[in-house]
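Here the numbering used here = 1-based position in the sequence shown + 20.
Before any comments, here is the structure.
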Amino acid sequence: MTTKRVFFAFDAHAPWKKQEPKGRLIRHSDRHVTVAFLGNIDYEALEPLLAEIPIPDMRIGPIGIIDYPLFLPNSDHPHVFAAHVDWLTPGIDEYRNRLTGWLIEHGYAIAHADTPWLPHTTYCRKPFDSEEWQKQFAPMPLYSTALHLYESLPQLCYEPIWSHHFLPPISKERIIGETEAMLNAHVKAAEAFDPKMQIAGQPYLEDGLWVKDVQSSN
């Protein structure tokens, strides 16, 4: 038996601040939004099931807004500084319910499966200065390029051991959306990642997706 501590999560890309307050920081490349936490399991038993696992019904990675800070489990004795994620892409809550239901049907106990989901991304773990993090928090856009099954490793490291990838909604070459309304939301979010980004021309359809070409000025 191979025991691993695992969870399903969307990876989290955001215009993170280069300098953040002190704490046991989660590296920017490891930040994520947990969908289903399984804990310590026999990975050899789960691995064959991954080919059948429900996947999100979307071609483009979801996008959202990091909108307010969270001190978890509570503000009086926080262990974690995180921030709530308000998903703009429709269907994320429904997917979370579908995934957790499937896992429970296959015998896995999912943490907090019977309580309302609080989508969030963690910035750091204690010890940290709550007042300083509260002071420096700023809302920002977030998007995902993949749903991963992560293995939790020492030193706050998280390694993907299974992945389902999406088309990135924002890249250096173009911005895409499944509808024109979502394209416009992605364009607005892109400005926070690169204020110098220049959008070329009018939106157009390509392979069923709305597209705007972009280029960065130096």
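Backbone N, C-alpha and C define an ideal beta-carbon position, used for all residues, glycine too.
These figures come from a predicted structure and were not determined experimentally.
The continuous alpha helix (DSSP H) containing Y63 extends over residues 63-66.
The alpha carbon of K38 has as its nearest neighbour, out of L90, F213, L69, L173, the alpha carbon of F213.
Here I130 really is in contact with T120; their C-beta atoms are around 5 Å apart, less than 8 Å.
Of the residues I61, A210, I195, P188, the one whose Cα lies closest to the Cα of H126 is I61. CA-to-CA, the gap between F186 and I80 works out to about 5 Å.
Distance from the CA of D77 to the CA of I46, rounded to the nearest whole angstrom, comes to 29 Å. Around the beta carbon of G84, a 10 Å sphere encloses 16 or more other beta carbons of the protein chains shown; the residue is thus reported as buried. With a cutoff of 8 Å on beta-carbon distance, H48 and A29 are scored as not near each other. Judged by beta-carbon spacing, M217 lies within the 8 Å limit of E211, meaning their Cβ atoms are closer than that value. Cβ atoms of S164 and A32 come within 8 Å of each other, at about 7 Å. The alpha carbon of Q175 has as its nearest neighbour, out of K146, P189, F91, the alpha carbon of K146. Ranked by Cα distance from P93, the options H132, C177, Y63 are led by H132. Pairing K42 with P110, the inter-Cα distance amounts to about 35 Å. When only Cα atoms are considered, E64 and Y115 end up about 25 Å apart. Residue P89 holds the alpha-carbon nearest to the alpha-carbon of W153 among L167, K192, P89, L203. The alpha-carbon of A209 is positioned some 33 Å away from that of E72.
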